[in-house]
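Following: one structure in structure tokens, then a few remarks.
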Amino acid sequence: MAHSQINPLLIQMLTGKDAGESPTRSALPGAYVREIFRNKEQLSPIYEKNHHMFTCKSCSRKGKYDVGILSVNSEEVVKDGDTQKHIQMTGYFRCKHCNEAGNWELPNSILISIMVGSLPLLGGSESNPNVSFGKNQLFDGTSHQYATDAEEHLLQILKESPGDAYIWNRLGNLYQKGNRPELGVSVFEHSVRLDPKQVESHYTLGDMLAQIEDFPNAGYHFRQMLLHAREYKRLPAEKLRDMLAIGLRELFIMSDHTDGEVSILPTPEELEASAQQEIQPGPIVGMEMEVFPDDVETFYPLAEIFMGLRAKEIPLRERTLNVPKVSKAPVKKKKKKRKRRK
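Next comes the structure, spelled out in structure tokens:
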């Protein structure tokens with residue numbers, strides 16, 4: 001019987017309940033899990049699928065797994081000559097038979113892929129898009145061979161800080177990059193339940209839901225992203241603007257496809273619920289602005305409005321929002337009367 005390849009500790013931390021050693025997808029909390037899993041082929045993977053046959057050392061059973069991108073730390077390989085030790089994989093996979101993780105016998109196909117991928121470095125013309133050279137690191141600078149190792153590291157951090165929505169977002173990114181969107185969406189939902197102002201999680205939820213054409217829910221999360229952007233400090237200003245601009249473009253496209261049923265701007269109800277009444281859509285609507293869906297930078301001025309004071313962190317020469325200056329009424333100067341000469 002094939003297992004769902006889900007870490008029992010993840011379920012325990014998401015739900016507070018023990019789901020056994022081999023939990024199923026039904027144990028994952030969240031409103032969008034089933035929808036995302038059912039339509040996952042519509043989602044554009046961050047990394048293309050890259051399957052290899054592995055043998056689990058824990059149960060000696062074989063299985064085919066998506067390893068994602070193979071990254072090789074060439075500097076470390078040169079130091080100790082151990083290539084296998086310094087191979088990292090972005091794909092998230094556990095043993096289909098016993099649900100163990102990280103205890104693998106690496107197949108020769110992995111080493112062959114790396115050799116082919118190194119040909120351009122040796123003057124060859126062929127390249128392997130599934131191989132890169134360097135070191136993958138998490139946000140805290142740690143580096144791990146398997147995505148399941150990185151998962152365990154993040155879950156241990158969350159044991160100490162279970163309410164840290166940002167760390168939950170990092171874990172969701174790990175699953176998303178590992179081509180496990182059903183795990184990712186459950187964690188992103190948990191992240192925004194803990195902190196409704198977790199802008200990055202709202203953005204990713206909006207993006208995932210837009211791809212499977214759940215436009216009403218996608219629109220909601222993109223608008224929540226806009227509402228809380230001015231308070232979000234976890235991203236550099238330029239990256240925050242890029243994210244907002246992409247979300248605004250998606251809102252524009254969804255509104256067009258639904259004949260305006262999906263609102264581009266936050267609704268009055270959303271403004272009131274988020275206590276962000278100072279963001280008034282009226283003046284924004286009245287602004288003269290041309291946007292083109294195929295040019296995300298045309299959404300920069302609108303993105304900068306939602307950034308509030310954070311937009312001032314963008315170098316002046318790179319800002320795009322031209323706030324019209326209030327013209328003052330000209331002051332009439334009194335003419336001095338010339339004295340007539342007698």
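Here the sequence shown is numbered in the UniProt record's numbering, starting from 1 and rising by one per residue. A virtual CB, placed ideally from N, CA and C, is assigned to each residue, including glycine. Computed from a predicted structure; not experimentally measured.
Unbroken alpha helix (DSSP H) run spanning LYS87, endpoints: Translated into the one-based positions of the sequence shown, residue 87 becomes position 87. Note that residue 87 is Ile in the sequence shown here, rather than Lys. Premise fails: ILE87 lies in the beta strand (DSSP E), 87-89, not in any alpha helix (DSSP H).
Bridge-paired residues (DSSP) for GLU105: Locating residue 105 in the sequence shown gives position 105, where the first residue counts as 1. THR55.
Proximity of SER255 and ILE264 at Cβ, strictly below 8 Å: Position 255 of the sequence shown holds residue 255. Position 264 of the sequence shown holds residue 264. Cβ distance < 8 Å, so SER255 and ILE264 count as in contact.
Beta-carbon proximity list for ASN299, same chain, < 6 Å, skipping 5 on both sides: The sequence position of residue 299 within the sequence shown is 299, counting from 1. The sequence given here places Phe at residue 299; Asn does not occur at that position. Cβ neighbours of PHE299 beyond the five flanking positions: ALA245, LEU248, ARG249 and VAL291.
Whole-angstrom distance between GLU304 and ASN130, CA atom to CA atom: Translated into the one-based positions of the sequence shown, residue 130 becomes position 130. Translated into the one-based positions of the sequence shown, residue 304 becomes position 304. Using only the alpha carbons, I get a separation of about 36 Å.
Per-residue burial, SER26 [other beta carbons within 10 Å of its own, 16 or more giving buried]: In the sequence shown, the residue the question calls residue 26 occupies position 26. Label assigned to SER26: exposed.
Counterpart residues of LEU70 in DSSP-defined beta bridges: Stepping through the sequence shown from its first residue, residue 70 is reached at position 70. MET89 and VAL131, per the DSSP bridge assignment.
Under 8 Å between C-beta atoms of SER143 and ASN103: In the sequence shown, counting from the first residue as 1, residue 143 sits at position 143. In the sequence shown, counting from the first residue as 1, residue 103 sits at position 103. Taking 8 Å as the Cβ cut-off, SER143 and ASN103 do not qualify as a contacting pair.
Entirely enclosed alpha helix (DSSP H) segments - the segment 158-182, minimum 4 residues: 165-177
Alpha-carbon spacing of GLY117 relative to VAL72, whole angstroms: The residue you call residue 117 lines up with position 117 of the sequence shown. The residue you call residue 72 lines up with position 72 of the sequence shown. Going by the C-alpha atoms only, they are around 10 Å apart.
Local Cβ density within 10 Å of ASP66, reported as buried at 16 or more and exposed below that: Translated into the one-based positions of the sequence shown, residue 66 becomes position 66. That one is buried.
Beta-carbon proximity check, TRP168 vs HIS153, cutoff 8 Å: As a working mapping, residue 168 is identified with position 168 in the sequence shown. As a working mapping, residue 153 is identified with position 153 in the sequence shown. Taking 8 Å as the Cβ cut-off, TRP168 and HIS153 do not qualify as a contacting pair.
Local conformation of ASP256 per DSSP, three classes: Locating residue 256 in the sequence shown gives position 256, counting from the first residue. In this structure, ASP256 counts as helix in the three-state DSSP scheme.
Which residues DSSP lists as bridging LYS96, in chain order: On the sequence shown, residue 96 is found 96 positions in, with the first residue counted as 1. In the DSSP output, where bridge partners are listed per residue, LYS96 has none listed.
Expected contact under 8 Å - CB spacing of VAL262 and LEU251 to nearest Å: For the purposes of this step, residue 262 is identified with residue 262 of the sequence shown, where counting begins at 1. For the purposes of this step, residue 251 is identified with residue 251 of the sequence shown, where counting begins at 1. Contact flag correct, Cβ pair sits at about 7 Å.
Under the three-state DSSP convention, the category TYR220 falls into: Against the sequence shown, residue 220 aligns to sequence position 220. Note: TYR220 maps to helix in three-state DSSP.
One or two residues paired with TYR300 in a DSSP bridge: As a working note, residue 300 is residue 300 in the sequence shown. None; TYR300 has no bridge partner.
Exposed unless 16 or more other CB atoms sit within 10 angstroms - verdict on ARG94: Residue mapping note: residue 94 aligns to position 94 of the sequence shown, counting from 1. Classification for ARG94: buried.
C-alpha distance - LEU302 paired with GLY184, whole-angstrom precision: Residue 302 sits at position 302 when you count from the first residue of the sequence shown. Residue 184 sits at position 184 when you count from the first residue of the sequence shown. Roughly 29 Å between the two C-alpha positions.
Span of the alpha helix (DSSP H), counted from its first residue to its last, around ARG38: Residue 38 sits at position 38 when you count from the first residue of the sequence shown. Taken as a continuous stretch (DSSP letters only), the alpha helix (DSSP H) holding ARG38 covers 33-38.
Neighbour-count burial assignment, GLN224, 16 or more Cβ in a 10 Å radius: Stepping through the sequence shown from its first residue, residue 224 is reached at position 224. The residue is buried, with at least 16 neighbouring Cβ atoms inside 10 Å.
Proximity below 8 Å, CB of VAL187 to CB of TYR232: Working through the sequence shown from its first residue, we reach residue 187 at position 187. Working through the sequence shown from its first residue, we reach residue 232 at position 232. No. Outside cutoff.
Nearest candidate by alpha-carbon position, reference GLU100, set HIS86, ASP294, ILE87 and PHE54: Numbered from 1 along the sequence shown, position 100 holds the residue referred to as residue 100. Residue PHE54 is the option with its Cα nearest to GLU100.
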